[in-house]
Amino acid sequence: GLGVWAPFFGQPAYTMTLAARLVQQTGAAVAVLWTERLPRGAGYVVHAEPLAVPLPEGGDEAASALAINAAMEAVIRRKPT
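Following the numbering used here, the numbering of the sequence shown begins with 1 at its first residue and continues without gaps.
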């Protein structure tokens with residue numbers, strides 16, 4: 001029950017707001033992390049980069065969810081496999 005509806009690939013998706021609340025409370029930096037599977041079962045590479053657009057200040061959970069979903073869309077579009 002602690003989420004908001006935010007667009008994800010053009011569809012409304014119920015999106016958690018925990019990350020935005022933690023940033024608001026702590027001032028922590030936000031990073032986008034994902035893994036990439038290596039060929040022939042050779043393992044994984046973990047990628048991490050800062051969130052391209054800072055989360056909105058003032059606790060706007062809907063705007064924060066939109067920014068996080070947009071960042072995840074960008075990762076998926078870059079490496080859909």
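Every residue, glycine too, gets a C-beta built ideally from N, C-alpha and C.
- Assignment of Thr17 by DSSP, reduced to helix, strand and coil, places it in the coil class.
- DSSP places Glu61 in the uninterrupted alpha helix (DSSP H) bounded by Glu61 to Arg78.
- Within a 10 Å sphere around the beta-carbon of Leu2 sit fewer than 16 other beta-carbons, which makes this residue exposed.
- The residue among Gly59, Arg77, Lys79 and Pro54 with its C-alpha nearest the C-alpha of Ile68 is Pro54.
- A straight line joining the alpha-carbon of Thr81 with that of Thr35 spans about 10 Å.
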